[in-house]
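Heads up: the protein sequence lines correspond to chains A and B, in order.
Just so it is clear: in the first sequence, position 12 is 1216 by the numbering used here, and no numbers are missing.
Just so it is clear: in the second sequence, position 1 is 31 by the numbering used here, and no numbers are missing.
Beta carbons are placed, not taken as given, at the ideal position from N, Cα and C, and that holds for glycine.
Fair warning: this is a prediction, and the values are worked out from it, not measured in the lab.
Below: one structure, written as structure tokens.
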Amino acid sequence: MEIDFVSKFDYLLILLPEVVLSAAALVLLLGDVFQRGQESSQSADWVGLTAAGSVLAAAAANGFLLTLEVTSGAPMIAADAFRVTANFIFLGATFFGLLFSFDWLEREGLDKGEFYVLVLLATVGMMVLGAARDLIVVFLSLELMSIAVYVLTAFQRSDPRSSEAGLKYFLIGAFASAFLLFGIAFLYGATGTTNLARVVPRVAEAAADGNVLLYLGTGLLLVGFGFKISAVPFHMWTPDAYEGAPTPVTGYMAAGVKAAAFAALLRVLTVELMPAADAWQVALWWVAVLTMVLPNLVALAQDDVKRMLAYSSVAHAGYLLVGVVSANALGRSAALFYLAVYTLMTLGSFAVVYHVAGKGDRRRHLSDFAGLGWRRPLLGVAMVIFLLSLAGFPPTGGFVGKLYLLRAAVDAGQVGLAVTLVLTSLVAYYYYLRVVWKMYFEEAPEEAPSPGRPGPSFRFSAAVCAAGILLLGLLPGTGIDAADRAGRSLTDRPTVESPAAGATTAGLDGPGATPASPSSESDGPSD
Amino acid sequence: MTESYLGIVILGVIGVANAAFLLGISHLLGTDRPTPAKAAPYESGITPLGDTRSRFSVKFYIVAMLFIVFDIETIFFLPWAVAYRELGLFGFVEMLVFLLILAAGLAYAWRKGALEWD
Chain A
1205 MEIDFVSKFD YLLILLPEVV LSAAALVLLL GDVFQRGQES SQSADWVGLT
1255 AAGSVLAAAA ANGFLLTLEV TSGAPMIAAD AFRVTANFIF LGATFFGLLF
1305 SFDWLEREGL DKGEFYVLVL LATVGMMVLG AARDLIVVFL SLELMSIAVY
1355 VLTAFQRSDP RSSEAGLKYF LIGAFASAFL LFGIAFLYGA TGTTNLARVV
1405 PRVAEAAADG NVLLYLGTGL LLVGFGFKIS AVPFHMWTPD AYEGAPTPVT
1455 GYMAAGVKAA AFAALLRVLT VELMPAADAW QVALWWVAVL TMVLPNLVAL
1505 AQDDVKRMLA YSSVAHAGYL LVGVVSANAL GRSAALFYLA VYTLMTLGSF
1555 AVVYHVAGKG DRRRHLSDFA GLGWRRPLLG VAMVIFLLSL AGFPPTGGFV
1605 GKLYLLRAAV DAGQVGLAVT LVLTSLVAYY YYLRVVWKMY FEEAPEEAPS
1655 PGRPGPSFRF SAAVCAAGIL LLGLLPGTGI DAADRAGRSL TDRPTVESPA
1705 AGATTAGLDG PGATPASPSS ESDGPSD
Chain B
31 MTESYLGIVI LGVIGVANAA FLLGISHLLG TDRPTPAKAA PYESGITPLG
81 DTRSRFSVKF YIVAMLFIVF DIETIFFLPW AVAYRELGLF GFVEMLVFLL
131 ILAAGLAYAW RKGALEWD
């Protein structure tokens, strides 16, 4: 189907998955609160199932997006394969995050309706962030996603750790959003438009002029994004927020938020700001190296498994940055593939940690994992798969992902990054395998309470995540093809060549706008 | 380009100088003999009643939050109203959807008891 934005209905079609999910969130919000009133705090069971069902409906709408093709105009929302693949990643994170959280909500007696609505709205924010082709839309969706996640972080209000984590995340996040917005303002000042489709020739002009506003804007933009992906100088909130937040929320946050921020980063940096690559490539190189080295070293000293996993997810952001810095098509595809695997293994590992920690999230120490492999064999096997994938051991998806990233880095000539990736992964093996050792080679003390049998939704999700990781590791062909198509779709669509159009046509592009001249911009150093 | 900032700079300088002058003059020329009556907080001329520090009920913050949301909604209505003719039916329906979403939020707050003052 061709979309040329002549009919107003096209605006609805291009946003179909987000509309489906938002409508579902509103229906859930009202339906839940009207059927139970303010006396009871227990939502009906259908609320959770409806939430999960609406995620599946949005996934179906997402598949429908593949049939669309934008033929004219420079819309603020892209409709390319990258968006569809990224959406599947976010929807997958949400679906499994929801399923993993059923046990927790039941156990802690929390307000389920509000939780599901917040998760769905955060997902809408993620999906729009993955599709955004205008810097203002990037900011808007980033805020939508972030504010919902701040509330989710502090969801367990009775637990002071949760409130502390939420407050820390919110304060630092608000600062980072301010930096991002300031950077967007400077980029607008340098180029005269915020629309990423139009901005490419102007960025080339500004870079050729050595425009200070361009460099300032890019730097501030990097600070804002760096916070969201927990890159090293901006990662200080991550261990505290991840540790204090309720564990199912941590899994969802670590997977979804990071994936969405990386999707937006890939769009903004590697495609639109490529003409100004000297502005950000060196800085981001250092950020990537530090983000790989520092958290891996710190994680070695952690005894709390949840905090250790938090540091490890910061390190994974570093690995993903290798794909961003080697700004070729292979790097984009590799980052997307690794995001998919990362989502599965992060959700899975945090879910297992939650299950072992039990009510009140107390038993998270390394010693609480002793003997787990014998007491709960299936859970142990799943955890081993997740940990090996995090480490990057051969038959798992984590290994294929890291190989893909290494290939991208070497192709772009970033040998230093490739070497750092390998060496830091080796260091990481210690703290991942330490947990495996505890699970299988240490006896649980007799008085230690055994974690109960997980609920059916938990078992299903853990099985699917583990199977997905093994599938991506043993038979990665389809996954790599999909990631490749998605990565290439970022540069395949026509951009609008209108440097003379002036600042007045910035942003919204309706009917009667400058027709698209099918010229694709340069694709980076190597392809 | 920098000439246009001259006015603001002059304003800033005069503002700071004025404040500094007033405070400085009163410090240099005034006496310094505080009495309890002089040091008491000002309450429009009456004798001060009680402590100035009191605890605020948390109800105020909920009202403030709801106010902000609906105030911003009103602000969004204004440019839409100005461009109403050009936007036609599409603009009308779109704003209606926006209004309904916020009304859903109001219904949720109502049902949860956020509008109860006691």
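Taking CB distances under 8 Å as the criterion, tell me whether Lys1316 (chain A) reaches chain B. The residue you call residue 1316 (chain A) lines up with position 112 of the first sequence. Chain B contact via Cβ: absent.
Pick from A:Pro1598, A:Gly1423, A:Leu1534, A:Val1453 that is closest to Gly1552 (chain A), judged by C-alpha positions: Walking along the first sequence from the start, residue 1552 (chain A) turns up at place 348. The shortest C-alpha to C-alpha distance from Gly1552 (chain A) to any of A:Pro1598, A:Gly1423, A:Leu1534, A:Val1453 is the one to A:Val1453.
Minimum Cβ-Cβ distance from Tyr91 (chain B) to chain A less than 8 Å: As a working note, residue 91 (chain B) is residue 61 in the second sequence. No, Tyr91 (chain B) lies away from the interface with chain A (no Cβ there is under 8 Å from its Cβ).
For a contact meaning CB atoms closer than 7 Å, what does Phe128 (chain B) contact in chain A? Numbered from its first residue, the second sequence carries residue 128 (chain B) at position 98. Within chain A, no residue comes near Phe128 (chain B); the closest Cβ sits about 12 Å away, beyond 7 Å.
Could you tell me if Ser34 (chain B) is buried or exposed, where buried requires 16 or more neighbouring beta carbons within 10 angstroms of its beta carbon? Against the second sequence, residue 34 (chain B) aligns to sequence position 4. When all chains shown are included, Ser34 (chain B) counts as exposed.
8 Å is my cut-off, CB to CB: does Asn1399 (chain A) come that close to chain B? In the first sequence, residue 1399 (chain A) corresponds to position 195, counting from 1. Taking CB atoms only, Asn1399 (chain A) has no neighbour in chain B less than 8 Å away.
Residues, ordered as in the chain, of the region 1222-1238 of chain A that lie near chain B by beta-carbon distance below 7 Å: Cβ contacts with chain B come from Leu1230, Leu1233, Leu1234, Val1237, Phe1238.
Since Trp1212 (chain A) meets chain B, which of its residues come closer than 8 Å, beta carbon to beta carbon? Numbered from its first residue, the first sequence carries residue 1212 (chain A) at position 8. Reading off the sequence, residue 1212 (chain A) comes out as Lys, not Trp. Result: Phe120.
Beta carbon of Ala1467 (chain A), beta carbon of Gly1334 (chain A): below 8 Å? Position 263 of the first sequence, counted from the start, is the residue given in the question as residue 1467 (chain A). Position 130 of the first sequence, counted from the start, is the residue given in the question as residue 1334 (chain A). When the beta-carbon positions are compared, Ala1467 (chain A) and Gly1334 (chain A) come within less than 8 Å of each other.
Just curious, the alpha helix (DSSP H) that Lys89 (chain B) is in, first and last residue? For the purposes of this step, residue 89 (chain B) is identified with residue 59 of the second sequence, where counting begins at 1. Per DSSP, the continuous alpha helix (DSSP H) segment holding Lys89 (chain B) begins and ends at 89-112.
Could you check whether the Cβ of Tyr72 (chain B) sits closer than 8 Å to any Cβ belonging to chain A? Along the second sequence, one-based indexing puts residue 72 (chain B) at 42. Nearest CB-CB separation between Tyr72 (chain B) and chain A: not below the 8 Å threshold.
Can you give me the start and stop residues for the alpha helix (DSSP H) that Leu79 (chain B) sits inside? Along the second sequence, read from residue 1 onward, the residue named residue 79 (chain B) stands at position 49. Element bounds for Leu79 (chain B): n/a, residue is neither H nor E.
Rounded straight-line distance, which links the Cα of Leu1470 (chain A) to that of Val1403 (chain A): On the first sequence, residue 1403 (chain A) is found 199 positions in, with the first residue counted as 1. On the first sequence, residue 1470 (chain A) is found 266 positions in, with the first residue counted as 1. Their backbone Cα atoms lie some 15 Å apart in a straight line.
Check whether chain A comes within 8 Å of Ile131 (chain B), counting only Cβ atoms and requiring the distance to be less than that. If you number the second sequence from 1, residue 131 (chain B) lands on position 101. Ile131 (chain B) belongs to the set of residues whose beta carbon lies under 8 Å from a beta carbon in chain A.
Taking only the alpha-carbon atoms, compute the straight-line gap between Ala1263 (chain A) and Thr1327 (chain A) and give it to the nearest angstrom. Here residue 1263 (chain A) refers to the residue found at position 59 when the first sequence is read from its first residue. Here residue 1327 (chain A) refers to the residue found at position 123 when the first sequence is read from its first residue. Approximately 12 Å between the Cα atoms of the pair.
Leaving out five residues before and five after Ala1168 (chain A) in sequence, what residues of the same chain have Cβ atoms less than 8 Å from its Cβ? With chain A covering only 1205 through 1731, there is no way to say anything about residue 1168 (chain A).
Using DSSP's beta-bridge definition, name the partner residues of Val1274 (chain A). The residue labelled residue 1274 (chain A) in the question sits at position 70 within the first sequence. Val1274 (chain A) pairs with A:Ile1207.
Along the alpha helix (DSSP H) that carries Ala50 (chain B), what are the first and last residues, could you check? Here residue 50 (chain B) is taken as the residue at index 20 of the second sequence, counted from 1. If you look at Ala50 (chain B), you'll find it in the alpha helix (DSSP H) that goes 36-59.
At least 3 beta-carbon pairs within less than 8 Å: the region 1519-1537 of chain A vs the region 1565-1583 of chain A: With the cut-off at 8 Å, the region 1519-1537 of chain A and the region 1565-1583 of chain A do not touch.
Quick one: using the 10 Å Cβ neighbour count with 16 as the cut-off for buried, is Leu1260 (chain A) buried or exposed? Residue mapping note: residue 1260 (chain A) aligns to position 56 of the first sequence, counting from 1. Leu1260 (chain A) is classed as exposed because its beta carbon has fewer than 16 other beta carbons within 10 Å across all chains shown.
If the criterion is Cβ atoms closer than 8 Å, does the pair Ser1381 (chain A) and Ser1350 (chain A) meet it? By one-based count along the first sequence, residue 1381 (chain A) stands at place 177. By one-based count along the first sequence, residue 1350 (chain A) stands at place 146. The answer is yes: Cβ separation under 8 Å.
Span of the alpha helix (DSSP H) holding Gly1235 (chain A)? Within the first sequence, residue 1235 (chain A) is the residue found at index 31, counting from 1. First-last of the alpha helix (DSSP H) with Gly1235 (chain A): 1220-1240.
Comparing alpha-carbon positions, which option in A:Gln1618, A:Lys1606, A:Asp1615, A:Lys1642 lies nearest Val1626 (chain A)? If you number the first sequence from 1, residue 1626 (chain A) lands on position 422. Here the closest residue by C-alpha is A:Lys1606.
By DSSP, does Ile1433 (chain A) sit in helix, in strand, or in coil? Locating residue 1433 (chain A) in the first sequence gives position 229, counting from the first residue. Secondary structure of Ile1433 (chain A) (DSSP, three-state): coil.
Residue environment, Trp1308 (chain A), which counts as buried when at least 16 other CB atoms sit within 10 Å: Counted from its first residue, the first sequence places residue 1308 (chain A) at position 104. The residue is buried, with at least 16 neighbouring Cβ atoms inside 10 Å.
Leaving out five residues on either side along the sequence, give the residues of the same chain with a beta carbon under 8 Å from the beta carbon of Val1631 (chain A). For the purposes of this step, residue 1631 (chain A) is taken as residue 427 along the first sequence, with counting starting at 1. For Val1631 (chain A), where only same-chain residues beyond five positions count, the Cβ hits under 8 Å are Asn1500, Leu1501, Leu1504.
Given this structure, state the Cα-to-Cα distance separating Gly1448 (chain A) from Thr1357 (chain A), to the nearest angstrom. By 1-based counting over the first sequence, the position of residue 1448 (chain A) is 244. By 1-based counting over the first sequence, the position of residue 1357 (chain A) is 153. Those two C-alpha atoms are separated by around 8 Å.
8 Å CB neighbourhood of Gly54 (chain B) in its chain, flanking five on each side removed: In the second sequence, the residue the question calls residue 54 (chain B) occupies position 24. So the list is empty, once near-sequence residues are dropped.
With respect to the alpha helix (DSSP H) encompassing Met1512 (chain A), which residues constitute its N-terminal and C-terminal limits? If you number the first sequence from 1, residue 1512 (chain A) lands on position 308. Judged by DSSP secondary structure, Met1512 (chain A) falls within the alpha helix (DSSP H) whose first and last residues are 1509-1529.
Pick helix, strand or coil for Asn1532 (chain A), following the three-state DSSP scheme. Your numbering for residue 1532 (chain A) matches position 328 in the first sequence. In this structure, Asn1532 (chain A) counts as coil in the three-state DSSP scheme.
Quick check on DSSP: helix, strand or coil for Phe1336 (chain A)? Taking the first residue of the first sequence as 1, we reach residue 1336 (chain A) at position 132. Note that residue 1336 (chain A) is Ala in the sequence shown here, rather than Phe. DSSP, reduced to helix, strand and coil, places Ala1336 (chain A) within a strand of the structure shown.
Closer than 8 Å is the cut-off here; do at least three beta carbon pairs connect the region 1610-1625 of chain A with the region 1485-1496 of chain A? With contact defined as three or more Cβ pairs closer than 8 Å, the region 1610-1625 of chain A and the region 1485-1496 of chain A are in contact.
Using a Cβ-Cβ distance under 8 Å, would Tyr114 (chain B) count as near chain A? Taking the first residue of the second sequence as 1, we reach residue 114 (chain B) at position 84. False, the Cβ-Cβ gap to chain A never drops below 8 Å.
Alpha carbons only, please: which of A:Phe1268, A:Ala1408, A:Leu1339, A:Gly1235 is nearest the one belonging to Tyr138 (chain B)? As a working mapping, residue 138 (chain B) is identified with position 108 in the second sequence. Taking only the C-alpha atoms, the option nearest Tyr138 (chain B) is A:Gly1235.
List the endpoints of the continuous alpha helix (DSSP H) containing Pro1443 (chain A). Your numbering for residue 1443 (chain A) matches position 239 in the first sequence. Annotation: the continuous alpha helix (DSSP H) that includes Pro1443 (chain A) extends over 1441-1448.
Specify whether the region 1271-1289 of chain A and the region 1308-1318 of chain A touch according to this definition: at least 3 beta carbon pairs, one from each stretch, less than 8 Å apart. The region 1271-1289 of chain A vs the region 1308-1318 of chain A: no contact.
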